[in-house]
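Which chain is which? The protein sequence lines are X and P, in order.
FYI, in the working numbering the residues of the first sequence are 1 to 99.
FYI, in the working numbering the residues of the second sequence are 100 to 376.
Just so you know, even glycine gets a beta-carbon here, dropped at the ideal spot from N, CA and C.
Written below as structure tokens is the structure these notes are about.
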Amino acid sequence: MCGAPAQAPELPAYVDVTKETVIYGVVSRDGAPVPAAYVRLLDASGEFTAEVVTSATGDFRFYAASGRWTLSVLHRDGSARKEVDAAGPGLVEALVVLS
Amino acid sequence: MSRADVLVSADWAEENLNTPGVVFVEVDEDTTAYDGGHIPGAVKLDWKTDLQDPVVRDFVNKDQFEKLLSEKGIGNEDTVILYGGNNNWFAAYAYWYFKLFGHDRVKLLDGGRKKWELDGRELSKDTVSRPATAYTAKDQDTSIRAFRDEVIAAIGKKNLIDVRSPDEFVGRLLAPAHLPQEQAQRAGHIPTALNIPWSKAANEDGTFKSDDDLRKLYADAGLDESKDTIAYCRIGERSSHTWFALHELLGYPDVKNYDGSWTEYGSLVGVPVEKDV
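Put into structure tokens, the structure is as follows:
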């Protein structure tokens, strides 16, 4: 899957991506997806907004708003941080690599 | 009340998995987490289907609570150790619930499921069944539960603590960002409420901060110790976490959780709302 774009997330049918700002992606390490990683969404001031645990395929998803966000990832095998800029409603992809 | 009376560490939990009279209970928003692996011997509670009435928006009543705990094999003399995902939000909610129905022997596992997983401790997929008990609950202790009229009357008089994220407080988001945002209620917060996000009371691994750090957090944020306090969030689970910090860890005497929280308040006709965006 190296270099291939990640698949768009499977969203519940009632989610309207013309209104929701969906930040989604995959947590990986050495090219392999990492399940059961704790992904935090922090706001522009660094404050906690939400947290999810990655799926068996390493996927995570947040429903945010436009603005600057930071993803902070913890797993027993490593951690990572990544800045995300969401310009407005729609899908915003963020791939996170653990180190 | 001291920290050791209400919290246990992951090390203590691991050493007491088979101690008679100690029952581990996992409480989750996403109950598939339990099915994918739980602390060995732990039983499962679903915060919605087990703890909420299926028709009326309210808790299960005393009879339903007795039936639930009896079926789960939890006795009146058992020490219940609660833990769960979402940094123990729903475990704290269940803790408050157990206290509401008069079960005093209840503690939270510090750090919950998250710390247990980050530590790489054992998770089991075994089916857990415990022999049924004849559990008896007490009438609800409403000294720890706030209702809407009391919350409206508290504006400008008591400490109101909104423990949601800053984006929910100012009205930019209507739910924590792991949930879709289209909701029926208005956005914003109760006037005069302090925004002290629940997360400020926890470390990143989900454990609670020290008593000194917690006391400083609430003092710096403007909590008036001479006044009674009501905590709220969106549905009452994150505010249970803060209620736990204020009432159980710090020992502030009069602290209530408003479980109706923003999903109720933000839907009321004519009540004052502040919105900053």
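- Beta bridge pairing from DSSP links Leu207 of chain P with P:Leu106, P:Leu181.
- A distance of 7 Å or more separates the beta carbons of Ala276 of chain P and Ala44 of chain X.
- Three or more Cβ pairs closer than 8 Å define a contact, and the region 155-162 of chain P falls short of that threshold against the region 319-330 of chain P.
- Distance from Val142 of chain P to Thr178 of chain P at the Cβ level is roughly 14 Å; contact not present, criterion being Cβ atoms closer than 8 Å.
- Taking the Cβ atoms as the reference, Ala292 of chain P lies roughly 12 Å from Gly270 of chain P, outside the contact range of under 8 Å.
- A buried status is given to Arg337 of chain P, since no fewer than 16 other beta-carbon atoms sit within 10 Å of its beta-carbon.
- Under DSSP, Gln151 of chain P takes part in a beta bridge, and its partners are P:Phe158.
- In summary, the residues of the region 180-192 of chain P whose CB is separated from some CB of chain X by less than 8 Å are Gly184, Asn185, Asn186, in the order they occur in the chain.
- If you look at Ser28 of chain X, you'll find it isn't in any alpha helix (DSSP H); it sits in the beta strand (DSSP E) that goes 21-29.
- When secondary structure is reduced to three states using DSSP, Arg76 of chain X falls in the coil class, being assigned neither helix nor strand.
- The three-state secondary structure of Lys82 of chain X, taken from DSSP, is strand.
- Phe246 of chain P is classed as exposed because its beta carbon has fewer than 16 other beta carbons within 10 Å across all chains shown.
- With fewer than three CB-CB distances shorter than 8 Å, the region 302-312 of chain P does not count as touching the region 222-239 of chain P.
- According to the DSSP assignment, Lys315 of chain P belongs to the alpha helix (DSSP H) that extends over 310-319.
- A distance of 7 Å or more separates the beta carbons of Lys82 of chain X and Leu98 of chain X.
- Linking Val84 of chain X to Val370 of chain P through their CA atoms gives a straight-line distance of about 37 Å.
- Per DSSP, the beta bridge partners of Tyr63 of chain X are X:Val22.
- For Phe48 of chain X, the secondary structure class from DSSP, reduced to helix, strand or coil, is strand.
- His346 of chain P is not a Cβ neighbour of Ala191 of chain P, given a cutoff of 7 Å.
- Within the region 301-314 of chain P, those residues whose Cβ lies closer than 8 Å to any Cβ of chain X are, in chain order, Glu303, Asp304.
- Glu10 of chain X has a beta carbon lying at 7 Å or more from every beta carbon in chain P.
- Under the three-state reduction of DSSP output, Trp69 of chain X falls in the strand class.
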